[in-house]
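Below: the structure, in structure tokens.
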Amino acid sequence: PLTYQRDNEDPSSLPLLYPDMIEEDSPSINVVECQNDDSILTYLGADDSYLQRALPSETQTMLNESTIEINIHTEEDPHIVKIRQSLNTSEQAAFTTFLRARNQPFAWSYADMPGIDPTIAVHNITLNPDSKPVKQKLRKMHPRIALLVKEELQRLLSVSFILPIDYPQWISNIVPVMKATGGLQICTDFWDLNLTCPKDDFPLPSIDQLVDLTAGHEMLSLMDGFSGYNQILVAPADQHKTTFITPWGTFCYRVMPFGLKNAGATYQRAMTYIFHDIMHTILEDYVDDLLGKSKHRSEHLDVLTIIFDRLLQYSVRLQPKKCAFGVLSGKLLGFIISLRGIEVDPSK
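The following block contains the structure:
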């Protein structure tokens, strides 16, 4: 089935694909708003246990209390992060000083992402021996959506996240998705490619264990990777397999894209390598979501110092819009975690 909204002047409400533009032999297409990552992955065919779980919302770790915004840069070029609103005066001052002095792990744009060293992590695309390349036909989209796609392509090209490619063997279509926060995200329909990839069985952290180990801590900090998957490179020999087609030509990914089978396993493997010695003590990790924790409030900045040092050491970058520091409770994988213990999120 094809789903779309009525046409009006707001690009976010325009149909991404017209029914009369779909060729008869083309597969059916579902176009959905970006409410969470699962709905997109279901369409893309990314049969990945790391991401096929029902996620509670846009991110797996979420805030459960009020925060205030602080500027950790200049008035002319503000960089905003969030801390708990009810921190006392000395705590607010200490967190503000810390985050201003240690702002290097945050990324404010694609250009701020140096990428994780390929000796630590690189994404390989292994295919079944009997697989045959598939070239999807170009799908047409609303002209105004196409212009938004072109703008995003230019941003990706400017930081070398994608590259032009000629004579590719594999060709996938893009799936333009209007994000709930505004703007457009380019996903790619890797359905055919994903079908030919054997599953990477690298283990995902146990949700039950992760939740149990987080409860009972006096202070938490919730952190999220900036465009997490894009921080890992695709193996050069496999980049051509990620080729996608647009009205402006064919391009392939240099960085690991969203929607690719086993991408979650690759990212989790990298995080486990980077944080293995502090996981289950001062930090919990679930793919690109990080949670710093301390038994006592007075120790929390020491915990963040260790975590930030590790982030810098391995060039991992955080999305400031999805971080909150010094909170007493938070929503984690469908549970409310606090010093009191664990509660089921009533919204679920």
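Our numbering puts the first residue of the sequence shown at 89, with every later residue one more than the last. All C-beta atoms in this analysis are idealised placements derived from N, C-alpha and C, irrespective of residue type, glycine included. From a predicted model like this one, the values you see are computed outputs, not experimental measurements.
Less than 9 Å separates the beta-carbon of glycine 313 from that of valine 404. The Cβ neighbour count for proline 193, taken over all protein chains shown within 10 Å, is at least 16; the residue is labelled buried.
At least 9 Å separates the beta-carbon of valine 322 from that of aspartate 280. Under the Cβ criterion (8 Å, minimum of three pairs), the stretch 194-203 counts as touching the stretch 387-405. Taking a cut-off of 8 Å for Cβ pairs, the stretch 281-298 and the stretch 333-344 do not touch, as fewer than three such pairs fall below it. DSSP lists Ile168 as the bridge partner or partners of asparagine 159. For leucine 226, the three-state secondary structure derived from DSSP is coil. Looking at the backbone, the Cα of asparagine 212 and that of tryptophan 336 are separated by about 27 Å. About 5 Å separates the beta carbon of leucine 301 from that of histidine 368, a gap short enough to meet the 8 Å contact definition.
Taken atom to atom, the span from the alpha-carbon of glutamate 387 to that of alanine 181 is near 15 Å.
Secondary structure in the stretch 190-227: no alpha helix (DSSP H) run of 4 residues or longer lies completely within the stretch.
If you compare the alpha carbons of Leu310, Ile233, Gln319 with that of serine 248, the shortest gap goes to Gln319. Annotation for alanine 234: Pro335 place their beta carbon closer than 8 Å to its own, counting only its chain and skipping 5 residues before and after. Pairing isoleucine 395 with isoleucine 424 gives a Cβ-Cβ distance that is not under 9 Å. A straight-line Cα-Cα distance of about 8 Å links alanine 209 and tyrosine 355.
Isoleucine 259 and alanine 189 have their C-alpha atoms spaced approximately 45 Å apart.
The residues Asp373, Tyr374, in chain order, have a CB closer than 7 Å to that of proline 293 in the same chain once the five nearest residues on each side in sequence are set aside. With respect to isoleucine 262, alanine 358 sits apart: the two C-beta atoms are not nearer than 9 Å.
Under the three-state reduction of DSSP, glutamine 257 is assigned to coil, being neither helix nor strand. Taking 4 residues as the shortest admissible run, the stretch 273-347 contains the following complete alpha helix (DSSP H) segments, listed from N- to C-terminal end: 279-283, 295-302. In the DSSP assignment, proline 264 forms a beta bridge with Ile274. The Cβ neighbour count for serine 154, taken over all protein chains shown within 10 Å, is under 16; the residue is labelled exposed. Under the criterion of beta carbons closer than 8 Å, isoleucine 156 and isoleucine 171 qualify as touching, at roughly 6 Å.
In the three-state reduction of the DSSP assignment, tyrosine 374 falls in the strand class. Nearest neighbour of leucine 251 by Cα position, chosen from Phe346, Pro324, Thr393, Ile158, turns out to be Pro324. A direct Cα-to-Cα measurement between cysteine 411 and asparagine 191 gives close to 12 Å.
Remark: C-beta atoms of phenylalanine 363 and leucine 348 do not approach each other more closely than 9 Å.
Isoleucine 250: member of the beta strand (DSSP E) spanning 250-252, first to last residue. DSSP, read as helix, strand or coil, puts serine 382 in strand. DSSP places leucine 236 in the helix class (H, G or I) of the three-state scheme. When secondary structure is reduced to three states using DSSP, leucine 406 falls in the strand class.
Among the bridge pairs identified by DSSP, phenylalanine 413 is matched with Ile171.
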